[in-house]
Each structure stands twice: as C-alpha cells, then as structure tokens.
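Engineer:
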Amino acid sequence: MLRTTIATISMLAAWPAVAQQICADRNTILGSLSADFSERPAALGMGDDGNIVELLTSRDGGTWTILVTTPQGVSCVVATGEAWEDIPKQLAGSGT
Numbered sequence: 046m047l048r049t050t051i052a053t054i055s056m057l058a059a060w061p062a063v064a065q066q067i068c069a070d071r072n073t074i075l076g077s078l079s080a081d082f083s084e085r086p087a088a089l090g091m092g093d094d095g096n097i098v099e100l101l102t103s104r105d106g107g108t109w110t111i112l113v114t115t116p117q118g119v120s121c122v123v124a125t126g127e128a129w130e131d132i133p134k135q136l137a138g139s140g141t
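Right under this line is the structure:
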C-alpha cells in the first residue's frame, strides 16, 4: 500500500502543486519499509539544515528509498526506486 502511494506521488512530482510527501514518525516509516520491502538503512548524512538524509535499500537491491528526518523526528519519503547497485569503494592510490 505504501509503495503504491509512493509511486503515485512520484508520478505527480512533475506537478509540484499537486504532489504531496509521505511523512510520519521515523520508526513507523522504517517499520513499513522493512515489513513490505525488506529495506534497511544503508547510508546516512546530515544536511546543513540539521536534517538527516538516509538511504534505505533491500538486500537484493530490488528497491530503495531516500528518507529525510527533521531534528523533531518527522520523517518524509522524498524518493523511491528500483535496481539499486552499490559501487565498490576504490582503494587509496588506485588511480581511479
């Protein structure tokens, strides 16, 4: 259900006046993404505004979600997709 809603909102993103974000308590969203898509946190960073930007991926790379959480604990799904692929880290001095 959540993925269907997210997909619909993604399609409407071309019309910003119509599009709405899915926002809820972080634990609620993490629980839904884990139960429905086996997604777990894979990476995160803090924005200049204090918001946490978090990437969740499924183990098989089938789906991914980008979540932004405010300092107050409100999380919003800002992007979703399929076919996530990790890029291996380059060794220091490898030249590429």
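Residues are numbered in the working numbering as their position in the sequence shown, beginning at 1, plus a constant of 45. Backbone N, C-alpha and C define an ideal beta-carbon position, used for all residues, glycine too. Bear in mind that the values here come from a model prediction, so they are computed numbers and not experimental data.
Isoleucine 132 by DSSP, collapsed to three states: which one?
Structural biologist: For the purposes of this step, residue 132 is identified with residue 87 of the sequence shown, where counting begins at 1. Coil, per DSSP.
Engineer: According to DSSP, what are the bridge partners of serine 103?
Structural biologist: As a working note, residue 103 is residue 58 in the sequence shown. Serine 103 pairs with Glu84.
Engineer: Between the Cα of leucine 101 and the Cα atoms of Ile67, Asp70, Val113, Gln117, which residue gives the shortest distance?
Structural biologist: Looking up residue 101 in the sequence shown gives position 56. Per the Cα distances, Val113.
Engineer: Assuming contact is defined by CB atoms lying nearer than 7 Å, are glycine 90 and valine 98 in contact in what I supplied?
Structural biologist: Position 45 of the sequence shown holds residue 90. Position 53 of the sequence shown holds residue 98. Yes, these two residues count as a Cβ contact at 7 Å.
Engineer: Pull up the CB-CB distance for valine 123 and isoleucine 74, whole angstroms please, since I reckon it's below 8 Å.
Structural biologist: Position 78 of the sequence shown holds residue 123. Position 29 of the sequence shown holds residue 74. The pair is not a contact, with the Cβ atoms about 11 Å apart (cut-off 8 Å).
Engineer: Measuring alpha carbon to alpha carbon, tell me which residue in Thr115, Cys68, Glu130 is nearest glycine 92.
Structural biologist: Position 47 of the sequence shown holds residue 92. Looking at the Cα atoms, Thr115 is the closest of the given residues.
Engineer: In whole angstroms, what is the alpha-carbon distance linking glycine 76 and glutamine 135?
Structural biologist: Your numbering for residue 76 matches position 31 in the sequence shown. Your numbering for residue 135 matches position 90 in the sequence shown. Approximately 33 Å between the Cα atoms of the pair.
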